[in-house]
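See structure below.
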Amino acid sequence: MIENWTKEFIIQRLLAITLLVVLFVLCFQVIQFFIVPAIWAAILAYVTFPVYNFFYEKVKLSPNFSAAIMTVSISLIIGVPLVIGVFILQQEALSLISNLVYRVKVGYLDVPNSIKDLPVIGQQVKDVLWRINKNPEGTLEAFRMWVQSHLYYGKVALDVAFSSLAKLGMALMTLFFFYRDGTSLIRQIRQALRNIIGNRIDGYIDSVGTTTRAVVYGIGLTALAQALLAGVGYYFAGAPSPILLTIVTFIIALIPFGTPFVWGGVSIWLLSKGYTVEGIGLALWGTLVISWVDNLIRPIVISGATKIPFIIIFIGVLGGLTAFGFVGLFIGPVVLAIGLAVWREWISNHKNELFAAQEKVLIDSQTLPPEEKIE
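Printed below as a string of structure tokens:
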């Protein structure tokens, strides 16, 4: 009787686990597209939640109205620069293409002498320019055929752009509900994890919160400061489209030590155009001012708040970027912060066991007679 009951119990448990696994897989398939937008929304909601609390608790607005104000504000902060950047990029691209087509038609496509005088590739550049200027119509026809043969990649790029816009819209819509129901949701998650892991989960959640806020503020403030300083340099150096370059610098600056690739490229471009003073000045400005912001603000804000070595944060940022894409800039450091918290807790709980043997050896070496020590 007991054996039959045990078999039935095991079968029931196996069926229940199987159904739960199937349910989990199906749920994952349904929400897979929305995971990244939800993570972005959670990050934005968490770091800006004090502002929401100001409207909700201080101004005494309703949760829905407070969440709506915050969602609209975040949408404008993200959307306005994005629209401006796309518009400027479109204008610059059209101007560049029109200028290139015109130069090809009149047979006067050229590059600065500094490029033509480069070793190894300089002569190849001269040969290509000579062939293009010798037969402009043939060059344009070859370019049209190349574009037609690569239209598929344009479709792929449009699909990626529309997918990114859809994810952005989903993130902003999810942001509203995270503001309104965020406190209740965090309370439920905390209780569910406490039921599984125990009360130690509170320390892990606090570590996640502290790391997330520090990483977002550290990366965001550093990128903003570098972009503004770089924008000043672009303006005074006479670089084309300084606003667009500033936006690009901000995006690249989110990646540690990525800013030199932007202002360094602009400096090289200015030098190739013959603007020697402006190019050297921008390079000095980037080296002495812009780069120091990355070396100063980011370690202070992140490591100072989290008490985590900056090298771990740095590895988390780059590793997260490689593993999870752009959102990995924030996921990577959080994952390593949790791992470090678990490691520190384990060391703290087993401190006596770990160091007991070492202390015993030290005591024995101090109490043994000299002849026994020699042996």
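Per our numbering, residue 695 is the first one in the sequence shown, and the count goes up by one each step.
Glycine residues also receive a C-beta, built at the ideal position from the N, C-alpha and C atoms.
Item checked: Through-space distance from isoleucine 1006 to leucine 803, alpha-carbon basis -> Indexing the sequence shown from 1 puts residue 803 at position 109. Indexing the sequence shown from 1 puts residue 1006 at position 312. Those two C-alpha atoms are separated by around 49 Å.
Check: Where do the ends of the alpha helix (DSSP H) carrying threonine 905 lie?
Finding: Position 211 of the sequence shown, counted from the first residue, corresponds to residue 905. Its alpha helix (DSSP H) spans residues 895-931.
Checklist line | Where glycine 952 falls: helix, strand or coil (DSSP) | finding: Position 258 of the sequence shown, counting from 1, holds the residue named residue 952. DSSP places glycine 952 in coil when its eight states are reduced to three.
Checklist line | First and last residue of the uninterrupted alpha helix (DSSP H) at leucine 794 | finding: The sequence position of residue 794 within the sequence shown is 100, counting from 1. First-last of the alpha helix (DSSP H) with leucine 794: 757-799.
Check: Between the beta-carbon of isoleucine 1025 and the beta-carbon of isoleucine 733, is there less than 9 Å?
Finding: Within the sequence shown, the letter at position 331 stands for residue 1025. Within the sequence shown, the letter at position 39 stands for residue 733. Going by C-beta atoms, isoleucine 1025 is nearer than 9 Å to isoleucine 733.
Next item on the list: Quick one: measure Cβ to Cβ for arginine 907 and valine 715, integer angstroms, because I've assumed they're closer than 8 Å.
Entry: Residue numbering aside, residue 907 sits at position 213 when the sequence shown is read from its first letter. Residue numbering aside, residue 715 sits at position 21 when the sequence shown is read from its first letter. Actually they do not touch by this definition, with Cβ atoms about 35 Å apart.
Next item on the list: Within the same chain, show all residues whose beta-carbon is closer than 7 Å to that of serine 901, passing over the 5 residues directly before and after it, in chain order.
Entry: Position 207 of the sequence shown, counted from the first residue, corresponds to residue 901. Excluding sequence neighbours, serine 901 sits near Ala1031, Ile1032, Ala1035.
Next item on the list: Assign glutamine 882 to one of two classes, buried (16 or more other C-beta atoms within 10 Å of its C-beta) or exposed (fewer than that).
Entry: Numbered from 1 along the sequence shown, position 188 holds the residue referred to as residue 882. Exposed, by the Cβ-count rule.
Notebook entry, point to check: Do you know whose CA, among Ala735, Phe703, Arg797, lies nearest aspartate 875's CA?
Noted result: Taking the sequence shown and counting its residues from 1, one reaches residue 875 at position 181. Of the candidates Ala735, Phe703, Arg797, the one whose C-alpha sits nearest the C-alpha of aspartate 875 is Ala735.
Next item on the list: Quick one: grab the DSSP three-state call for leucine 812.
Entry: The sequence position of residue 812 within the sequence shown is 118, counting from 1. Coil.
Check: Count the other CB atoms within 10 Å of the CB of isoleucine 696; is the residue buried (16 or more) or exposed (fewer)?
Finding: Along the sequence shown, one-based indexing puts residue 696 at 2. Residue confidence for isoleucine 696 is low, a pLDDT of 49 falling below 50, so the modelled location carries little weight; the figure read from the coordinates is stated next. Isoleucine 696 counts as exposed, since fewer than 16 other beta carbons sit within 10 angstroms of its beta carbon.
Checklist line | glycine 876, enclosing alpha helix (DSSP H) - first and last residue | finding: Residue 876 sits at position 182 when you count from the first residue of the sequence shown. 845-891 is the extent of the alpha helix (DSSP H) around glycine 876.
Notebook entry, point to check: Alpha carbon to alpha carbon, how far is threonine 904 from leucine 738?
Noted result: Taking the sequence shown and counting its residues from 1, the one referred to as residue 904 is at position 210. Taking the sequence shown and counting its residues from 1, the one referred to as residue 738 is at position 44. Approximately 14 Å, taken between the alpha carbons.
Next item on the list: Within its chain, find whatever has a CB closer than 8 Å to the CB of glutamate 786; leave out the 5 residues flanking it on each side and keep chain order.
Entry: Here residue 786 refers to the residue found at position 92 when the sequence shown is read from its first residue. For glutamate 786, where only same-chain residues beyond five positions count, the Cβ hits under 8 Å are Pro934, Ser935, Leu938.
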